[in-house]
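Colleague: Pasting a structure below so you can have a look.
Protein chains: 2
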Amino acid sequence: MERKQTNLSVSVDVTKAKDFLAIIDTVGPFVCLIKTHIDIIEDFDSTVIDRLQELSKKHDFLIFEDRKFADIGNTVALQYSSGVYKIASWAHITNAHAVPGPSIVTGLASIGVPLQRGLILLAEMSSKGALTTGSYTEDAVRMARARRDFVIGFIAQHRMETIGASEGDDLADEDFLVLAPGVGLDAKGDAMGQQYRTPEEVVLACGCDIIIVGRGIYGKSDQLNTESVEEQAKRYRSAGWDAYKKRVSLS
Amino acid sequence: MERKQTNLSVSVDVTKAKDFLAIIDTVGPFVCLIKTHIDIIEDFDSTVIDRLQELSKKHDFLIFEDRKFADIGNTVALQYSSGVYKIASWAHITNAHAVPGPSIVTGLASIGVPLQRGLILLAEMSSKGALTTGSYTEDAVRMARARRDFVIGFIAQHRMETIGASEGDDLADEDFLVLAPGVGLDAKGDAMGQQYRTPEEVVLACGCDIIIVGRGIYGKSDQLNTESVEEQAKRYRSAGWDAYKKRVSLS
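Just so you know, the sequences run in chain order E and W.
For what it's worth, the working numbering labels the leading residue of the first sequence as 1, then goes sequentially.
For what it's worth, the working numbering labels the leading residue of the second sequence as 1, then goes sequentially.
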């Protein structure tokens, strides 16, 4: 983040490998993290991963497969390591829901820790009516605290520092990243319940570290315009980083 | 179920296409439903789906892809329809977590309803420390009730009839299927937090309709023994159907 002066993550939710790689090559210089949904790419084959890894090195970003694992330990271990995608072999970071209980972290850690991968837990979601509230969020944070060798942060709308903590917990060296989804400078939502907030709101007011932007950067058009994508990536990088610098200077 | 006198669903959690299809061909005559994790098959290609569909016709069972969708509406619609797997094109039934809120059902319904597919919501899980309790389960059931044109049942440990209902709700014609995971006649759990109950417990005592059995039927051995798989499938079919008949005769 510091090296590239960016706290922007772009979520590349397109279904054609050509568009997927073109967007990543365009926004690469401006992001710290590329978030993927590898399972929506229709013409996927292993060369897509090869090219993604090349771009990761070329532009110095980490790859975050937004798989939202949500099954029991035995199953997620197979889904993470095996199958067509072999996510653990190329994604520096992936994420999981807390809903199955601690066994999901155990299952993923059995694959990810030996490969020095990191896990993000979903503590809150940005969609309307999400059930990630109250004791659910507290339990998710407790699950993370119990596995700090593998869990590096949260998908959330706020900082999680004191959430779910008991008296006597040693939180002094706790340093979880907070990644905020649902960030947009223009739209307020979509037709399917997604809700957007601005970088200023999520970083400065709510203390999140990384902003995740998707359709705000590459739009919905079938005709990809890389000039406009680059312009939007720069715009979001500035908005996110300005908010981050402001927050850090205040603390 | 009635036609084949079975309430058994086999969860085929193996990573080789050959084993996957061999197990399904063996247990096919004894099941109402085959539950798949298509994303753990290492040598997947589209012929696996062709063959799976042939077996579904040959043995008269439905296909249930246990995808546990858990993202916002826009994303799950893409994951369900697109990508390498095109789940909506072949899985009669799939499932989703309630955690993102009602938008997940909206997103999946936009793809599944036109194809006459059915959705199962996860109201409870069988893994240790699962967060599917209390108001979480109630909200999941309410989400299902709001979309009875698409949601056909629950993954749960008990019947859900009065859960989350308000006074004045018309529940008379409510007829959700309840599918119980974590069923085993021999083991009590695995090393990753899975917990097992017997068919008698889940069907007779707790009122579930369909038992889901995985490793109890095909074991963990690398060498698949189809004779033993057939024997176990018959054993679980009997145990499940006996419990079901007993429950129906009591009600």
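Ideal Cβ positions, reconstructed from N, Cα and C, are used throughout, including at glycine.
#1: Fully enclosed by the stretch 105–189 of chain E, which beta strand (DSSP E) runs are 3 residues long or longer?
#2: What are the start and end residues of the beta strand (DSSP E) that includes W:Lys-86?
#3: Alpha carbons only, please: which of W:Trp-90, W:Ser-166, W:Val-14 and W:Arg-67 is nearest the one belonging to W:Thr-47?
#4: What does E:Ser-82 reach in chain W if we use C-beta pairs closer than 9 Å?
#5: Between W:Gly-240 and E:Leu-131, what straight-line distance do the alpha-carbon atoms span, to the nearest angstrom?
#6: On a CA-only basis, which of E:Glu-201, E:Glu-2 and E:Asp-13 is nearest E:Gln-157? Give me that one, please.
#7: Would you call the stretch 180–195 of chain E and the stretch 137–145 of chain E touching, i.e. three or more CB-CB distances under 8 Å?
#8: I'd like to know whether the C-beta atoms of E:Asp-209 and E:Tyr-244 end up nearer to each other than 9 Å.
#9: If you draw a straight line from the C-alpha of W:Ile-87 to the C-alpha of W:Gly-129, how long is it?
#10: Could you say if the stretch 32–41 of chain E and the stretch 7–21 of chain E meet the contact criterion of at least three C-beta pairs nearer than 8 Å?
#11: Please list the partners that W:Asp-139 has in chain E, where partner means a Cβ-to-Cβ separation under 9 Å.
#12: Rounding to the nearest angstrom, what Cα-Cα distance links W:Leu-55 and E:Gly-134 in this structure?
#13: State the DSSP-derived secondary structure class of W:His-97, mapped to helix, strand or coil.
#14: What residues in its chain sit with their C-beta under 8 Å from that of E:Gly-193, if we drop five residues either side in the sequence?
#15: How big is the Cα-Cα spacing for W:Val-204 and E:Val-248?
#16: By Cβ distance below 6 Å, which residues in the same chain neighbour E:Gly-207 in space, the five residues on each side in sequence not counted?
#17: Applying a beta-carbon distance threshold of less than 8 Å, which residues of chain E neighbour W:Ser-103?
#18: Mind the definition here: the stretch 104–118 of chain E touches the stretch 107–124 of chain W only if three or more C-beta pairs lie below 8 Å; say whether that holds.
#19: Can you tell me whether E:Glu-2 is helix, strand or coil according to DSSP?
#20: With burial defined as no fewer than 16 other Cβ atoms inside 10 Å of the residue's Cβ, what is the status of E:Lys-68: buried or exposed?
#21: Taking the alpha helix (DSSP H) that E:Leu-52 belongs to, which residues open and close that run?
#22: If you follow the alpha helix (DSSP H) that E:Asp-25 is in, where does it begin and where does it stop?
#23: Can you check whether the CB of E:Phe-44 is closer than 9 Å to the CB of E:Tyr-85?
#24: For W:Pro-199 and E:Met-125, I'd like the C-alpha separation in whole angstroms.
#25: Taking the alpha carbon of E:Asp-190 as the point to measure from, which residue in E:Glu-42, E:Asp-242, E:Gln-79 and E:Gly-216 has its own alpha carbon closest?
#26: Determine the chain E residues that contact W:Val-10 at a beta-carbon separation under 9 Å, and present them in chain order.
#27: What are the boundary residues of the beta strand (DSSP E) that includes W:Asp-66?
Modeller: Checking against the coordinates, here is how it stands:
#1: DSSP runs (the beta strand (DSSP E)) wholly in the stretch 105–189 of chain E: 118–122, 151–155 and 177–180.
#2: Taken as a continuous stretch (DSSP letters only), W:Lys-86 belongs to no beta strand (DSSP E), as it is neither H nor E.
#3: Cα-wise, what sits closest to W:Thr-47 is W:Trp-90.
#4: Simply Thr-15, Asp-39, Ile-40, Ile-41 and Glu-42.
#5: Looking at the backbone, the Cα of W:Gly-240 and that of E:Leu-131 are separated by about 33 Å.
#6: Out of E:Glu-201, E:Glu-2 and E:Asp-13, E:Glu-201 has the C-alpha closest to the C-alpha of E:Gln-157.
#7: Counting Cβ pairs under 8 Å, fewer than three are found: no touch.
#8: Going by C-beta atoms, E:Asp-209 is nearer than 9 Å to E:Tyr-244.
#9: Roughly 30 Å between the two C-alpha positions.
#10: Put simply, the stretch 32–41 of chain E touches the stretch 7–21 of chain E. At least three CB pairs are less than 8 Å apart.
#11: Using a Cβ-Cβ cut-off of 9 Å, W:Asp-139 is close to Gly-129 and Leu-131 of chain E, given in chain order.
#12: The alpha-carbon separation between W:Leu-55 and E:Gly-134 amounts to approximately 45 Å.
#13: W:His-97 falls in the strand class under three-state DSSP.
#14: Same-chain partners within the cutoff: Ser-127, Lys-128 and Gly-129.
#15: A small fix is needed here, since residue 204 of chain W is Leu in this sequence, not Val. In a straight line, the C-alpha of W:Leu-204 is about 59 Å away from that of E:Val-248.
#16: Only Arg-159 meet the Cβ criterion.
#17: Listed by position along chain E, the residues whose Cβ is nearer than 8 Å to that of W:Ser-103 are Ser-127, Lys-128, Gly-129, Met-192, Gly-193 and Gln-194.
#18: Cβ pair count under 8 Å is below three, so no.
#19: Here E:Glu-2 sits in coil by DSSP.
#20: Classification for E:Lys-68: buried.
#21: Element bounds for E:Leu-52: 46–59.
#22: Following the DSSP letters along the chain, one finds E:Asp-25 inside the alpha helix (DSSP H) bounded by residues 17–27.
#23: Contact flag set, yes.
#24: In this structure, the alpha-carbon of W:Pro-199 lies about 36 Å from that of E:Met-125.
#25: Nearest of E:Glu-42, E:Asp-242, E:Gln-79 and E:Gly-216 to E:Asp-190, Cα basis: E:Gly-216.
#26: Correct list: empty, because the minimum Cβ distance to chain E is about 15 Å.
#27: If you look at W:Asp-66, you'll find it in the beta strand (DSSP E) that goes 62–69.
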